[in-house]
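To keep things clear, I will list the structure first and then write my remarks on it.
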DNA sequence: GCAAAAGTGTTAGCGATACACCCATGC
DNA sequence: GCATGGGTGTATCGCTAACACTTTTGC
């Protein structure tokens, strides 16, 4: 426990709880997935200061006493990459002794799916660069971030089959082929086009926007959108999402 | 960051990393499930000291600098309940500002399934009592432990249908009816006996031990055991566990 | 014989898979 | 007309759900 806590517990605790001092030995790292032209990407930062300067890593930093861990994740991601207003979800906490060099650091990993077209990432004051990397072409990363990524990607591959989370990676209006290619990219396998269509349409999760693709050199596809309200209503009725 | 880190970073860090001092603002809590006679239980401790004295809670405490979080979970559970040699798995980290009174504490929740007959829980030095509670009869708990439990139980209900984790709750050799009742207790619904049998037997996960129940006043059932090696081999072949 | 649980068999129907085929559009 | 992707139709097969039925054992 912190030495000066003994000065006057109640007072100091109160101050700490609302201070923006960082909590020792605890950090957050974010795995941000993006999707574009049938390829899955992840957002990395290049460190601009400190012992890991010049190395690529997951966006991540320390948690303050006066913020929830969810709020910390949002703040950290925004300050390092300028990516904002996205839904970050907690994934797993990594706490091996040797995961961070010369210090004990436990990190809480978060992930998110974003529509890559919607953001224009910019490095924060402590970052030298920010870049989308294809998931098959990820550089060596600082600390144990490669393991965190692998673990998270594996988790995603399972999750995408049981929960309708992939839509966040697509534009609000998308075609069934885009959705198919998203699943193929994440699961890393070919799927039957016809059966994929039928499966999704039968679920009634997708709403026909009555709009069509434009300026394509083939028959224009119907644009659909995902309706979260419909999904929640179906959930209440016992609906189980499976792909 | 801790004030005395500034004395000499490298030296102090090295000492800290191998010290058993506790990390500030970070704890572990454990949800231990047990099963006996068609009923699902959870293991709770009654606090024997501190501001929450007399209250029931999940087993939990602080993490030391010189132990991994997995090791901390094992140590804490053992010291408070004497339950040892079980496989604890991380569930989720809870980090809202208000979850702990008058102080900022982030907690990493772990869970485990145990064969209730195999343990004889005893309270540790800071616990007044340790007891198995039926999951429908859980008392009011300290902090946000009721929420942690609810969240974990919900997680279990999903997990049990996609991974063969229920076997840890049963004796090494068990009957199909015991397994059925376990699923019924966790999912809180009746299942068809015949179809349940067929589903499980077809998976080839269960090995017939060639032994039978003894001293029962009805036809003696075959005792089966779960074979983890078989499961892993099936997994490699692309097998997916679904109940 | 009766109670209790073990264990088998049967049926109907839904749903996944594989694959063939037609449609619309730009060049 | 041809390439490209959009979109439909269909046959097979396996699996599941529902439920009736038979077997074994102790008392």
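Protein chains in written order, with this note's numbering: chain A, 9 to 251; chain B, 9 to 251. C-beta atoms are modelled at their ideal positions from N, C-alpha and C, and glycine is treated no differently.
Are any of the Cβ atoms in chain B nearer than 8 Å to that of residue i?
i              : result
residue 33(A)  : yes
residue 57(A)  : no
residue 104(A) : yes
residue 84(A)  : no
residue 98(A)  : yes
residue 114(A) : yes
residue 246(A) : no
residue 191(A) : no
residue 49(A)  : no
residue 10(A)  : No answer about residue 10(A) holds up, because its pLDDT of 43 lies below 50 and its placement is not dependable.
Taking 8 Å as the CB-CB cut-off, is residue i touching chain A?
i              : result
residue 77(B)  : yes
residue 251(B) : no
residue 101(B) : yes
residue 118(B) : no
residue 95(B)  : no
residue 239(B) : no
residue 232(B) : no
residue 15(B)  : Per-residue confidence for residue 15(B) stands at a pLDDT of 45, beneath the threshold of 50, marking its modelled position as unreliable; the derived number appears in the next sentence. Answer no: the Cβ-Cβ gap between residue 15(B) and chain A never drops below 8 Å.
residue 243(B) : no
Could you check what DSSP says for residue i in three-state terms: helix, strand or coil?
i              : result
residue 107(B) : coil
residue 217(B) : strand
residue 55(B)  : strand
residue 77(B)  : helix
residue 120(A) : strand
residue 174(B) : helix
residue 234(A) : strand
residue 198(A) : coil
residue 114(A) : strand
residue 29(B)  : coil
residue 157(B) : helix
residue 137(A) : strand
residue 167(B) : helix
residue 145(B) : coil
residue 45(A)  : coil
residue 241(B) : helix
residue 82(A)  : helix
residue 207(B) : helix
residue 89(B)  : helix
residue 63(A)  : coil
residue 6(A)   : Residue 6(A) cannot be examined here, being either before or after the span of chain A that is shown, 9 to 251.
residue 130(B) : coil
residue 96(B)  : coil
CB residue i to CB residue j, shorter than 8 Å?
i              : j              : result
residue 73(B)  : residue 142(B) : no
residue 102(B) : residue 31(B)  : no
residue 204(B) : residue 188(B) : yes
residue 67(A)  : residue 96(A)  : no
residue 215(B) : residue 227(B) : no
residue 150(A) : residue 63(A)  : yes
residue 136(A) : residue 56(A)  : yes
residue 144(A) : residue 116(A) : no
residue 180(A) : residue 53(A)  : no
residue 114(B) : residue 146(A) : no
residue 111(B) : residue 105(B) : no
residue 152(A) : residue 107(A) : yes
residue 69(B)  : residue 129(B) : no
residue 183(A) : residue 217(A) : no
residue 51(A)  : residue 138(A) : yes
residue 249(A) : residue 171(A) : yes
residue 65(B)  : residue 71(B)  : no
residue 140(B) : residue 246(B) : no
Beta carbon of residue i: closer than 7 Å to some heavy atom of the ligand GTP?
i             : result
residue 42(B) : In the structure shown, the ligand GTP is absent, as is every other ligand, since no ligand is present at all.
Please report the Cβ distance between residue i and residue j, rounded to the nearest whole angstrom; I am assuming they are in contact, meaning their Cβ atoms lie under 8 Å.
i              : j              : result
residue 251(B) : residue 207(B) : 7 Å
**Message:** Check whether the segment 36 to 50 of chain B and the segment 237 to 246 of chain A touch, using three or more Cβ-Cβ pairs below 8 Å as the test.
**Reply:** No, because fewer than three Cβ pairs between the segment 36 to 50 of chain B and the segment 237 to 246 of chain A fall closer than 8 Å, the two stretches do not touch.
**Asked** Counting pairs of Cβ atoms below 8 Å between the segment 118 to 125 of chain A and the segment 175 to 188 of chain A, do you hit three or more?
**Response** Counting C-beta pairs with one atom in each stretch, the segment 118 to 125 of chain A and the segment 175 to 188 of chain A have three or more that are closer than 8 Å, which means they touch.
**Request:** Tell me, please, whether the segment 194 to 204 of chain B touches the segment 161 to 170 of chain B by the rule of three or more beta-carbon pairs shorter than 8 Å.
**Result:** In short, these stretches touch, since the Cβ pair count reaches three.
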